[in-house]
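Please read the structure below before turning to the comments.
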Amino acid sequence: MVHIGNSWDDILADEFKKDYYLKLREFLKYEYAHYTVYPNMYDIFNSLKYTPYENVKAVIIGQDPYHGAGQAHGLCFSVKVGVKPPPSLQNIFKELNADLGIPYPNNGELTDWAKQGVLMMNSVLTVREGIANSHKGKGWEQLTDAVIRILNERNVPTAFILWGGNARAKAPLITNHIHGVFQAAHPSPLSAYNGFFGCRHFSKVNEFLMRNNIAPIDWNISNK
Numbered sequence: 367m368v369h370i371g372n373s374w375d376d377i378l379a380d381e382f383k384k385d386y387y388l389k390l391r392e393f394l395k396y397e398y399a400h401y402t403v404y405p406n407m408y409d410i411f412n413s414l415k416y417t418p419y420e421n422v423k424a425v426i427i428g429q430d431p432y433h434g435a436g437q438a439h440g441l442c443f444s445v446k447v448g449v450k451p452p453p454s455l456q457n458i459f460k461e462l463n464a465d466l467g468i469p470y471p472n473n474g475e476l477t478d479w480a481k482q483g484v485l486m487m488n489s490v491l492t493v494r495e496g497i498a499n500s501h502k503g504k505g506w507e508q509l510t511d512a513v514i515r516i517l518n519e520r521n522v523p524t525a526f527i528l529w530g531g532n533a534r535a536k537a538p539l540i541t542n543h544i545h546g547v548f549q550a551a552h553p554s555p556l557s558a559y560n561g562f563f564g565c566r567h568f569s570k571v572n573e574f575l576m577r578n579n580i581a582p583i584d585w586n587i588s589n590k
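Quick note, the sequence shown lines up with residues 367 to 590 if you use this note's numbering.
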């Protein structure tokens, strides 16, 4: 079964035994055997691997993984070093620069954020090559909803960053008043000018964390 390698294993153990997840597992076995699926099966749970439950300060929720070759590696919006940042990620860097003056990095890998406590989780964790949303409605949404509910129940103030319709649909799951919810349009070129640009979520999240005596995120992406 699933082995994440940290506290999430125990926390999600019952979830991985539920019928919906067992059906999802069978679906994924077939998909990976017959099609090209992203990310690599060993990277599916990287968002949880890089950010253990007790380390979560903020959550960025994406839609589903990039569906082009070599892009997805288990963290929403992130691509590995050497892969050109897709347009949505380029717009994230543009907003970072406008908000905090952070220079544009030479790569699009966001693992530094994840290691600092930013859970970078897509709503759906896999996708068939070239077909966006091809694994939507197969069970992933139930699992990622469960993760959000679990984090919502904590007594640790957490910043939930919801960009775009799919992410904003998760807002009703966040009911604990101690958390901060930051909503904006998706950074895609199709919608970024409808409220993503100028949202200043990076500085606002850090202000929220510091108000709650939590160390802020260093949003700089190290050049590699």
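No residue lacks a Cβ here, since even glycine has one placed at the ideal position from N, Cα and C.
The criterion of a C-beta distance shorter than 7 Å is satisfied by T417 and L485.
Of all alpha-carbon atoms in A464, W585, Y432 and Q437, the one lying nearest the alpha-carbon of G448 is that of Q437.
Listed in chain order, the alpha helix (DSSP H) runs fully inside the stretch 511 to 580 are 531 to 534 and 567 to 577, counting runs of at least 4 residues. Taken in chain order, the whole alpha helix (DSSP H) runs of length 4 or more contained in the stretch 447 to 496 are 453 to 466 and 477 to 481. In the three-state scheme derived from DSSP, where H, G and I count as helix and E and B as strand, I426 is classed as strand. Under the criterion of beta carbons closer than 8 Å, N542 and E519 qualify as touching, at roughly 7 Å. Judged by beta-carbon spacing, I468 lies within the 7 Å limit of W585, meaning their Cβ atoms are closer than that value.
If you draw a straight line from the Cα of C442 to the Cα of I458, it comes to about 12 Å. By the criterion of a C-beta distance shorter than 6 Å, L414 is surrounded in its chain by I370 and W374, once the five residues flanking it on both sides are discounted. About 5 Å separates the Cβ atoms of G505 and Y386, confirming a contact at the 8 Å cut-off. Looking from the CA of L388, the closest CA among I580, N578, L509 and A537 belongs to L509. For L539, the closest alpha carbon among the candidates H545, V522 and I514 is that of I514. Burial is judged here by how many other beta carbons sit within 10 angstroms of a residue's own beta carbon; N572 has at least 16 and is buried.
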